[in-house]
Amino acid sequence: LLRWLTDLASALRADGWWDRFQGDAAGQRIVEALRLREGAAHELDALDGDGPAKPESPGSGRRWSPGDFRAWVRETLESGSFQPASDGDPQVVVLPMAQLLGRPFAAVVAPGCDEMNLPSSPEPAGNWSEAQRQLLGLPGREAMAQAALAVWGHLLAQGPLHLLWRTEHQGEGVAPAPWVQRLLGEPGADKAVDPRIVRSQAVTLAQAPMPVAADLLPQALSASAYQDLRDCPYRFFALRQLRLQSADEIEAEPDKRDLGNWLHAVLKAFHEARARGDGQDDRTRLDGLAQTEAVARGLSVEGGEVGEAGAGFLPYMAAWPALRDGYLAWLAAYEAGGPCFERAEVSLTRSIGPWRLIGQLDRIDRQGSPEGPLPLVIDYKTEPRQTTLDRVKQPLEDTQIAFYAALLGEETVRGGYLSITDSRVTQGRDPATRWVEQPELGVAREHLLAGIAQDLGRIAAGHGLPALGEGRVCEFCAARGLCRKDFRT
Numbered sequence: 003l004l005r006w007l008t009d010l011a012s013a014l015r016a017d018g019w020w021d022r023f024q025g026d027a028a029g030q031r032i033v034e035a036l037r038l039r040e041g042a043a044h045e046l047d048a049l050d051g052d053g054p055a056k057p058e059s060p061g062s063g064r065r066w067s068p069g070d071f072r073a074w075v076r077e078t079l080e081s082g083s084f085q086p087a088s089d090g091d092p093q094v095v096v097l098p099m100a101q102l103l104g105r106p107f108a109a110v111v112a113p114g115c116d117e118m119n120l121p122s123s124p125e126p127a128g129n130w131s132e133a134q135r136q137l138l139g140l141p142g143r144e145a146m147a148q149a150a151l152a153v154w155g156h157l158l159a160q161g162p163l164h165l166l167w168r169t170e171h172q173g174e175g176v177a178p179a180p181w182v183q184r185l186l187g188e189p190g191a192d193k194a195v196d197p198r199i200v201r202s203q204a205v206t207l208a209q210a211p212m213p214v215a216a217d218l219l220p221q222a223l224s225a226s227a228y229q230d231l232r233d234c235p236y237r238f239f240a241l242r243q244l245r246l247q248s249a250d251e252i253e254a255e256p257d258k259r260d261l262g263n264w265l266h267a268v269l270k271a272f273h274e275a276r277a278r279g280d281g282q283d284d285r286t287r288l289d290g291l292a293q294t295e296a297v298a299r300g301l302s303v304e305g306g307e308v309g310e311a312g313a314g315f316l317p318y319m320a321a322w323p324a325l326r327d328g329y330l331a332w333l334a335a336y337e338a339g340g341p342c343f344e345r346a347e348v349s350l351t352r353s354i355g356p357w358r359l360i361g362q363l364d365r366i367d368r369q370g371s372p373e374g375p376l377p378l379v380i381d382y383k384t385e386p387r388q389t390t391l392d393r394v395k396q397p398l399e400d401t402q403i404a405f406y407a408a409l410l411g412e413e414t415v416r417g418g419y420l421s422i423t424d425s426r427v428t429q430g431r432d433p434a435t436r437w438v439e440q441p442e443l444g445v446a447r448e449h450l451l452a453g454i455a456q457d458l459g460r461i462a463a464g465h466g467l468p469a470l471g472e473g474r475v476c477e478f479c480a481a482r483g484l485c486r487k488d489f490r491t
């Protein structure tokens with residue numbers, strides 16, 4: 003730690019910040035708190051440096067990483083305080099009304115004197131009844147009302163007094179506080195002239211943003227990132243170039259994403275175990291792996307019971323028999339046509355000019371053909387069946403499977419989406435598991451590669467990134483507040 007502090011002091015001197023700190027009271031307080039003056043850091047030698055490496059134990063008996071030092075600096079500065087020197091009495095004092103008693107002021111400004119913020123009978127805190135408050139020795143509603151009235155009387159006895167209140171809140175009318183209304187009803191009570199100046203301001207809608215960020219192009223591009231660029235260049239700019247992301251919330255219950263991740267893991271383990279020939283029948287193997295993966299992900303417990311944390315997974319477990327049987331029925335017919343499993347969860351990269359395409363393919367199969375084994379790219383989908391069918395209607399707009407085919411790099415390739423649903427959802431009109439192939443995959447792949455090279459080249463050349471999203475693209479967009487779509491011309 004002593005070496006870190008010495009180097010920090012040297013860096014501050016080299017950059018000119020040391021002299022600035024010496025001429026500033028707050029800067030001097032920082033220097034003192036961090037023991038940056040000559041010899042001041044040696045008092046830390048007395049601290050024990052043995053034991054676990056904690057930032058709050060800054061002895062010299064161990065090595066400190068940059069993260070340790072930053073944490074210690076942060077905690078040291080946060081634990082201190084700085085109060086500028088005051089010249090005489092303060093000119094303005096901000097206090098809650100309850101602290102006005104016994105304090106004389108030359109003048110008082112009381113904002114918020116409306117019925118919402120200044121009720122004549124304050125609402126007691128907590129959920130206790132009046133009898134419970136008496137047993138606990140807490141003031142009741144009547145005592146609180148009397149105390150508030152006493153403060154109000156003291157407020158009126160001050161010198162020049164300005165009472166302010168608003169007339170509306172979020173579009174709803176707001177009346178003055180009851181005590182203010184009583185004052186207004188007294189003879190000779192007149193409202194003061196509003197000192198605010200009314201101005202007319204012409205409404206000007208925000209212009210659509212057009213950022214240029216040639217120097218922020220990511221070196222690696224995924225299928226979802228390029229889909230963002232296709233959907234809306236501004237979304238690509240905000241989420242992929244600036245890397246702005248909404249904070250993930252901790253979900254208490256499993257959702258559709260958890261189902262998808264669980265199913266992907268189950269099918270990967272199933273086909274890998276099947277290829278090894280473990281001697282089990284497919285149904286038993288799938289059931290065992292489904293339970294094992296559910297336990298590993300905290301969605302179930304040993305013995306097949308669903309734990310408290312995985313109660314929200316019960317609907318998915320109830321649908322599992324239909325998912326399993328539908329998948330096995332499809333698999334039998336599929337393999338009868340010749341394809342066979344090769345790999346699952348395959349991470350691939352491919353270069354295109356100065357950029358790299360990256361992605362993880364759910365599954366790659368092989369099928370015999372006159373030209374030799376033909377690769378078949380499969381992407382699992384647990385989304386609504388119609389959503390999957392819509393993906394292949396316009397081959398040149400199907401980004402994901404064309405992107406994965408491009409990653410594979412082979413000249414001839416088949417690919418599509420394997421829609422896996424609960425058979426009850428299709429109500430017998432459609433198989434629970436259905437193969438949805440992209441028939442124009444070769445054409446879609448070539449157009450995609452040309453489009454990627456052209457789009458990234460234009461961005462690198464300094465072309466703008468307008469907000470062009472429409473419809474569903476904007477409904478669930480994390481960058482909508484940035485593009486000001488709702489407030490622009």
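When we follow this note's numbering, the leftmost residue of the sequence shown carries the number 3, and every step to the right adds one. Glycine included, C-beta positions come from ideal geometry on N, C-alpha and C. Model, not experiment: these values are computed from the prediction.
(request) Going by CA-CA distance only, name the one from Asp488, Trp6, Phe478, Lys383 that's closest to Leu261. (result) Lys383
(message) Using a Cβ-Cβ cutoff of less than 6 Å, which residues in the same chain neighbour Ala87 once the five nearest sequence positions on both sides are dropped?
(response) none
(request) Measure the alpha-carbon distance for Arg143 versus Ser122 and round it to whole angstroms. (result) 10 Å
(request) Drop a sphere of 10 angstroms on the beta-carbon of Ala249, count the other beta-carbons inside from all chains shown, and report buried for 16 or more, exposed for fewer. (result) exposed
(message) If you reduce the DSSP assignment to three classes, tell me which class Phe343 lands in.
(response) strand
(request) Alpha carbon to alpha carbon, how far is Ala455 from Asp364? Give it in angstroms, no decimals. (result) 25 Å
(request) Could you please give the first and the last residue of the uninterrupted alpha helix (DSSP H) stretch that includes Ala413? (result) One detail in the question is off: residue 413 reads as Glu in this sequence, not Ala. Taken as a continuous stretch (DSSP letters only), Glu413 belongs to no alpha helix (DSSP H), as it is neither H nor E.
(request) For my contact list, Gln117 and Ala28 are in at a C-beta cut-off of 8 Å; report their separation, rounded to the angstrom. (result) Going by the sequence as given, residue 117 is Glu instead of Gln. Rounded, the Cβ-Cβ distance is 42 Å, inconsistent with contact.
(message) Counting C-beta neighbours from all protein chains within 10 Å, is the total for His164 16 or more, i.e. buried, or is it exposed?
(response) exposed
(request) Consult DSSP for Gly361 and reduce its assignment to one of helix, strand or coil. (result) strand
(message) Could you tell me the alpha carbon to alpha carbon distance between Trp19 and Leu4, rounded to whole angstroms?
(response) 20 Å
(request) Following the continuous beta strand (DSSP E) through Ala462, name the residue where it begins and the one where it ends. (result) First-last for Ala462: 443-462, but that is the alpha helix (DSSP H), not the beta strand (DSSP E).
(request) Report the partner residues of Val96 according to the DSSP bridge assignment. (result) According to DSSP, Val96 bridges with nothing at all.
(message) Helix, strand or coil, according to DSSP, for Pro397 in the structure here?
(response) helix
(message) I want to see whether chain B comes within less than 7 Å of Tyr329, judged by CB atoms only; does it?
(response) In the structure shown, chain B does not exist; there is a single protein chain.
(message) Taking the straight line between their C-alpha atoms, what separation do you get for Asp17 and Ala216?
(response) 30 Å
(message) If the criterion is Cβ atoms closer than 7 Å, does the pair Phe239 and Pro213 meet it?
(response) yes
(request) Kindly indicate which three-state DSSP category Pro317 falls into: helix, strand or coil? (result) helix
(request) Whole angstroms is fine: what's the gap from Pro256's alpha carbon to Asn263's? (result) 11 Å
(message) Quick check: is any heavy atom of the ligand MG less than 6 Å from the C-beta of Asp26?
(response) The ligand MG is not among the ligands present in this structure, which contains no ligands whatsoever.
(message) Classify Leu120: buried if its beta carbon has 16 or more other beta carbons within 10 angstroms, exposed otherwise.
(response) buried
(request) Note the first and the last residue of the continuous alpha helix (DSSP H) segment covering Trp154. (result) 143-158
(message) Given a cut-off of 7 Å on the beta-carbon distance, is the pair Gln440 and Gly418 in contact?
(response) yes
(request) Would you decide whether Pro235 is buried or exposed? Buried here means 16 or more other CB atoms lie within 10 Å of its CB. (result) buried
(request) Under the assumption that Pro397 contacts Glu442 (Cβ atoms under 8 Å), give the Cβ distance between them as a whole number of angstroms. (result) 4 Å
(request) Report the residue from Asp230, Pro189, Ala112 whose alpha carbon sits nearest the alpha carbon of Gly2. (result) Missing from the structure shown is residue 2; the chain here goes from 3 to 491 and no further.
(message) What would DSSP say about Trp437, mapped onto helix, strand or coil?
(response) strand
(request) Go ahead and label Lys270 buried or exposed: buried means 16 or more other beta carbons lie within 10 angstroms of its beta carbon, across all protein chains shown. (result) buried
(message) Within the continuous alpha helix (DSSP H) that includes Ala133, where are the two ends?
(response) 132-137
(message) If you measure between the beta carbons of Ile360 and Val348, is that distance less than 7 Å?
(response) no
(request) Have a look at Gln362, Ala147, Arg436 and flag the residue whose alpha-carbon is nearest the alpha-carbon of Pro493. (result) Beyond the ends of the chain as shown, which are 3 and 491, falls residue 493; an answer cannot be given.
(request) Whole angstroms is fine: what's the gap from His273's alpha carbon to Phe489's? (result) 52 Å
(request) Going by CA-CA distance only, name the one from Tyr329, Glu344, Lys258 that's closest to Phe315. (result) Lys258
(request) Can you tell me which of the three DSSP states Val110 falls into? (result) strand
(request) Rank Leu241, Ala149, Ala227 by C-alpha distance to the C-alpha of Leu484 and give the top, closest one. (result) Leu241
(message) Can you confirm whether the region 285-305 touches the region 402-416 when touching is taken to mean that 3 or more C-beta pairs between the two stretches lie within less than 8 Å?
(response) no
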